[in-house]
Structures are given as structure tokens and as C-alpha cells.
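Here the sequence shown is numbered in the working numbering, starting from 186 and rising by one per residue.
Every residue, glycine too, gets a C-beta built ideally from N, C-alpha and C.
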Amino acid sequence: MAFSSSTRSLFNLKLTKTHSSSLHQPKKKPVGSPDYSSGDEAQSLISEATQQEDFSWVSAIIPFLFPALGGLLFGYDIGATSGATISLQSPELSGTAWFNLSAVQLGLVVSGSLYGALFGSLLVYPIADFLGRRRELIISAVFYLLGGLITAYAPSLSVLLVGRLLYGLGIGMAMHGAPLYIAETCPSQIRGTLVSLKELLIVLGILLGYFVGSFEINAIGGWRYMYGISAPIALLMGIGMWLLPPSPRWLLLRAAQGKGSVKEYKEKAILALSKLRGRPAGDKVSEKQIEETYVSLKSAYADQESEGSLFEVFQGPNLKAFIIAGGLVLFQQITGQPSVLYYAGPILQTAGFSAASDATRVSVVIGLFKFVMTGIAVLKVDDLGRRPLLIVGVSGLALSLFLLSAYFKFLGGFPLVAVASLLLYVGCYQISFGPISWLMVSEIFPLRTRGKGISLAVLTNFASNAIVTFAFSPLKEALGAENLFILFGVIALLSLLFIVLLVPETKGLSLEEIESKLSK
Numbered sequence: 186m187a188f189s190s191s192t193r194s195l196f197n198l199k200l201t202k203t204h205s206s207s208l209h210q211p212k213k214k215p216v217g218s219p220d221y222s223s224g225d226e227a228q229s230l231i232s233e234a235t236q237q238e239d240f241s242w243v244s245a246i247i248p249f250l251f252p253a254l255g256g257l258l259f260g261y262d263i264g265a266t267s268g269a270t271i272s273l274q275s276p277e278l279s280g281t282a283w284f285n286l287s288a289v290q291l292g293l294v295v296s297g298s299l300y301g302a303l304f305g306s307l308l309v310y311p312i313a314d315f316l317g318r319r320r321e322l323i324i325s326a327v328f329y330l331l332g333g334l335i336t337a338y339a340p341s342l343s344v345l346l347v348g349r350l351l352y353g354l355g356i357g358m359a360m361h362g363a364p365l366y367i368a369e370t371c372p373s374q375i376r377g378t379l380v381s382l383k384e385l386l387i388v389l390g391i392l393l394g395y396f397v398g399s400f401e402i403n404a405i406g407g408w409r410y411m412y413g414i415s416a417p418i419a420l421l422m423g424i425g426m427w428l429l430p431p432s433p434r435w436l437l438l439r440a441a442q443g444k445g446s447v448k449e450y451k452e453k454a455i456l457a458l459s460k461l462r463g464r465p466a467g468d469k470v471s472e473k474q475i476e477e478t479y480v481s482l483k484s485a486y487a488d489q490e491s492e493g494s495l496f497e498v499f500q501g502p503n504l505k506a507f508i509i510a511g512g513l514v515l516f517q518q519i520t521g522q523p524s525v526l527y528y529a530g531p532i533l534q535t536a537g538f539s540a541a542s543d544a545t546r547v548s549v550v551i552g553l554f555k556f557v558m559t560g561i562a563v564l565k566v567d568d569l570g571r572r573p574l575l576i577v578g579v580s581g582l583a584l585s586l587f588l589l590s591a592y593f594k595f596l597g598g599f600p601l602v603a604v605a606s607l608l609l610y611v612g613c614y615q616i617s618f619g620p621i622s623w624l625m626v627s628e629i630f631p632l633r634t635r636g637k638g639i640s641l642a643v644l645t646n647f648a649s650n651a652i653v654t655f656a657f658s659p660l661k662e663a664l665g666a667e668n669l670f671i672l673f674g675v676i677a678l679l680s681l682l683f684i685v686l687l688v689p690e691t692k693g694l695s696l697e698e699i700e701s702k703l704s705k
């Protein structure tokens, strides 16, 4: 059976060969269920990546926007905390009797959301496929809302820390559920743009936190406003996710796993896809796409148990996917991003920028530059592809780190070298590791283990972030700034080798086609 191009969507894996007048038509195979363990069949699926569906940007943006608010709230916490810690410790502006925080107490306030995110990543690992992407994001919004309100109205430090932990749970679940939902519901030809756009909203959230901090920094109890403004955004996210349908792919996975009536799950998936694409309920195009995707899922998992074990992600193609995704988010952190940004203020000061005397303004300048460079990545990721942006960006990272080392070692008299190196680092990070790592994480795992795989990738990201943050000061004292940047530069070169050898190109492929490509 042949279908029009409008029906060949990210849900459309072609199961039989069509008649064609093309001179390059491959030799036809017998009609029947495909064998997804066959390399030839997998290759035929990959070759059809260009057959993509027609879509409306209006219908594509709404299912993206509300999950992406989870990323914006994550970024907002980073930006707001930088100002809130100053306000909270001020005898005049804190508005509390417990403003005199110890270093440990301040560290708990700053990193409380990180601990919550780590715990949230662990929490969703065994239950992600049971909850589903939509319900996970609704629960994430509830944690965001509770965390923001409890922190804003905290009468004591202990209550504030509880609020920070709850907010972190929201971060951990949102950073797991948002890329899942976006990748599984958007058209394949703009998947890279939309998942990368979520990274842009994280940067936008950081900027928003900086701006709110700069406006409220002189207010009595300003830290309460800084944290509290997250609450209405979280409420909007929760309402939006409540109104959106479940992921059709998740519904079909549950059907393939025997978790309920196949007919009922397929009907729900058809209605969900129709709503996501702005089509009439139960339209024929959505029905054909859902039917073909379900058949492909049943074929792919015909010889496997209905539901995998907790450790299935460490086996076969799933392990390959985890090595790629986990490696990217690990290198994202251990190439020194927190350390480089730590030196942003002193570097700009040495170059004579007056804004460097004001930490808030410096943060805003860096944030604006990050925003612009992330925007470039969003516009080009589905045009240039993932690998070129990663290779070019990480090469620039390595160069900038070696230049920063040279500046601290023997180029101290040339401050513009330091400024150029800093901007090169930030720009290259935002066109490579920043957005592309999370994009690859969202699309590289097979559907069967996607929930568990992304949970482990998120856990790897936050754990490595914590390690780099805690190890920075002792490493700086032991090695000095110049040698520390050399270390990060060597790690960047290793990450470049990892990308060249192991990371595949996924531009334009449906998630099912990526799964077939990875299983060859």
C-alpha cells in the first residue's frame, strides 16, 4: 500500500515496499512483517528518512511550549539563586533574624535544588514508563509550585531548605520528562529545532532570574520575590500539561507491553496524535500512522518480554545508546563550564570593562551572549546536523581552554586574549554541548528503554555537575588556574575523539529509524 507524503510522519515506519517508477527502485521483497533484526531492513528504513509529514508550526509549538517551561524554571532557579543568596545574607535586606548563614548553610541553600534533582532522577528511573511523559511533567509542575511557594514564605532556614529540595525534585523530573515528551510528539524534521529550543528556554530562564534579581536586590526580603516568581510559571506549566494529550508513542508502548486493551490504547493514541497535529478527532491519516507504528513496535519486540528489567538499559543496543548519551552529558560537565564562568568576572575586569565591577551586570552580559549563541544552534541544528555542530563547537572549546591557560601563564599582558577566549568558550559551548547533548539524549534511546535511559542520563548530568562543583576549589588550589584549564582542555580533546568515533548523525530521522540504525 502506498501513502501520500503527508502521511509519512515521525510515526510512519514503512512496512512494505511500494510500487514506483523510479529507476533506482530497490528490488522488492515479499510482503510481510519486517524483521527489525535484519541489517538490510534497518537500512531500508534509514534510507526513507526524507519521507516526512506536512505539519503546522502552530500545532507543533503548543505541545512544545508547556513541557519547555520545565526547562525555563530550571534556568530561572540558577539565575535567581545568584541574587537571592546576596539578599538572604544581608543584615539590612534579608528581612530575617537568621541571615548570618555559615558556609555550609549557604552551600545547602545554593545546592539544595541540585540534591533534589539528583533524587528526582533516581525516583523516576523505575516508574517513568508507568507514569508516562504527561503525568510526569504534571507532577514536576506540582513540585515546582510547592517548592517556589514554600521557599518564598519560609519562616526558617530548615523550611527554606525543604522548599529548595522540593523545587529540585521538579527539576529532576522536568529535565527527564520534557525532552521525552517533545521528542516523541513533534514532527521528525523539526525535532532537533524544538528539543534544542528547550535549551534556549533554560538560558532564557537564567536571564529572567538575573533580571528579577537585579530588580529586587535592594528590596527588603527580596530573595522571597526572587524565588516566589517561579510559582505562577509552574502553575501555567501544570495547567498546560493537563490540557495536552499523552504521548502517542508512550500509549503504543503500553499496548505493545500488554498493559491493557490494545484497541483502547490505539484509539487513545489516534486521538492524541490528531489533537497534537490539529486534525479532526480520529482522522484517517493519524489512524494509519498509529497502526503502522504499533505494528513496527510489535515486530521490534516480538521476541522479548513485554516489559524489560531495570537493568535492560545496560544490554545490547540500549547500552550503546547509554554510552553515547551518558558520555555526552558527562563531557558536557567535566570540560569545565562552571570553572570557566567562575573566572568571567575577573577576566572582564582585567580587560577594563566597567560592568565587571557589578556582578549582576556581568551575569546579564554573559547570559545574553549565551542566549544569542543558543539561538544560532536552534536555527541550524536541523540544517547542519548534530555531529558538525558538536565537532566544531567542542574543537572551539578545546582551543579556548588552552588560550585561557596561556593567558594565566604568560599572556597576562594581553587581556583581550582572555576576553576573546571566554566568549569563544561560551559561544562554542552553546552551539554544541549545551543544546545538542540533550537533543541526542532525547532521541538516541530505543522506545522500550527510553524512560529509564534518559533517567540515567539526567542522573549522570547532575552527579557530574555536583562533582565538578565540589572539586573545583581543591583543584584550583592544587594545580593553579593555568594548569586547571590545561586539564579541561585535554578533557575537551578526549570528548572530541569520543564524538568523532561514537556519536552518530540523527538529523532528519524518525525515532524509529534511529532505533533501527543503532541496532545494526
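Specify the secondary structure class of residue i as computed by DSSP and reduced to three states.
i: Gln210; result: In this prediction, Gln210 scores a pLDDT of 41, lower than 50, which makes its location untrustworthy; the coordinate-derived value is nonetheless stated afterwards. Looking at Gln210 - three-state DSSP - the assignment turns out to be coil, as it is neither helix nor strand.
i: Phe284; result: coil
i: Phe496; result: coil
i: Asp468; result: coil
i: Glu690; result: coil
i: Leu696; result: helix
i: Gln442; result: coil
i: Ile414; result: coil
i: Glu477; result: helix
i: Pro620; result: helix
i: Gly674; result: helix
i: Arg633; result: helix
i: Lys705; result: coil
i: Ala404; result: coil
i: Ile311; result: A small correction: the amino acid at residue 311 is Pro; Ile does not occupy that position in the sequence shown. Three-state result, Pro311: coil.
i: Pro430; result: coil
i: Gly638; result: helix
i: Ala277; result: In the sequence on display, residue 277 carries Glu and not Ala. Looking at Glu277 - three-state DSSP - the assignment turns out to be coil, as it is neither helix nor strand.
i: Gly377; result: helix
i: Gly423; result: helix
i: Gly181; result: Outside the shown range of the chain (186 to 705) lies residue 181, about which nothing can therefore be said.
i: Gly390; result: helix
Got a sec? Which residues, its chain only, sit under 7 Å from residue i by beta carbon, not counting five neighbours each side?
i: Val347; result: Ile335
i: Leu596; result: Val602
i: Ala677; result: Thr520, Val579, Leu582, Ala583 and Leu586
What are the boundary residues of the alpha helix (DSSP H) that residue i is part of?
i: Cys613; result: Pro600 to Ile616
i: Ser325; result: Arg318 to Ala337
i: Thr266; result: Trp242 to Gln274
i: Leu575; result: Arg571 to Lys594
i: Ala363; result: Leu342 to Thr370
i: Gln517; result: Gly501 to Ile519
i: Leu456; result: Val447 to Leu461
Closest to residue i by C-alpha separation, out of the options, would be which residue?
i: Ser241; options: Leu273, Cys371, Ala359 and Asn285; result: Cys371
i: Asn382; options: Gly406, Ala288, Glu690 and Thr559; result: Reading off the sequence shown, one finds Leu at residue 382, where the question assumed Asn. The shortest C-alpha separation from Leu382 is found at Thr559.
i: Ile356; options: Gly301, Leu386 and Leu307; result: Gly301
i: Leu681; options: Glu662, Ile475 and Leu574; result: Leu574
i: Ala265; options: Leu392, Pro620 and Leu429; result: Leu392
i: Asp262; options: Val498, Phe251, Tyr410 and Pro631; result: Tyr410
i: Lys505; options: Gly445, Pro631, Arg571 and Ala466; result: Pro631
i: Ile375; options: Gly317, Arg635 and Pro248; result: Pro248
i: Leu456; options: Gly445, Val447, Lys448 and Asp468; result: Asp468
i: Phe593; options: Gly398, Ile414, Lys473 and Lys661; result: Lys661
i: Tyr366; options: Leu703, Leu696 and Leu342; result: Leu696
i: Pro465; options: Ser244, Ser701 and Phe284; result: Ser244
i: Leu303; options: Ile475, Ala642 and Thr691; result: Ala642
i: Ala288; options: Arg462, Ser296 and Tyr338; result: Ser296
Keeping to the same chain, check which residues put their C-beta closer than 6 Å to that of residue i; ignore five residues upstream and five downstream.
i: Ala416; result: Leu330, Gly333 and Leu334
i: Glu369; result: Ser432 and Arg434
i: Leu354; result: Gly301, Gly305 and Phe328
i: Trp408; result: Ala269, Ser272 and Leu273
i: Gly578; result: Cys613, Ile616 and Ser617
i: Val525; result: Tyr610
i: Phe516; result: Ser680
i: Val514; result: Ser622, Ala642, Thr645 and Asn646
Excluding five sequence neighbours on each side, which residues of the same chain lie with their C-beta closer than 8 Å to the C-beta of residue i?
i: Thr235; result: Residue placement at Thr235 is poorly supported in this model, since its pLDDT is 35, which falls under 50; the coordinates are not used for a value here.
i: Ile556; result: It is Phe, not Ile, that sits at residue 556 in the sequence shown. Answer for Phe556: Leu385, Val388, Leu389 and Leu392, listed in chain order.
i: Leu564; result: Thr378
Following a CB-centred definition, is residue i positioned closer than 7 Å to any heavy atom of the ligand COA?
i: Ser481; result: Inclusion of the ligand COA in the displayed structure is not the case, the ligand content being empty and no account of it being possible.
Open item on the list: Quick check: the stretch 576-587 against the stretch 418-436, are at least 3 beta-carbon pairs closer than 8 Å?
Closed with: No, the stretch 418-436 does not touch the stretch 576-587.
Open item on the list: Check whether the stretch 304-323 and the stretch 349-367 are in contact - that is, three or more C-beta pairs closer than 8 Å.
Closed with: Contact holds: three or more Cβ-Cβ distances are below 8 Å.
Open item on the list: With three or more C-beta pairs closer than 8 Å as the rule, is the stretch 318-325 touching the stretch 269-289?
Closed with: Judged by Cβ distances under 8 Å, the stretch 269-289 makes no contact with the stretch 318-325, as fewer than three pairs qualify.
TODO: Spell out a yes or no on whether the stretch 620-631 and the stretch 492-512 are touching, meaning 3 or more CB-CB pairs, one atom from each, closer than 8 Å.
DONE: Counting Cβ pairs under 8 Å, three or more are found: they touch.
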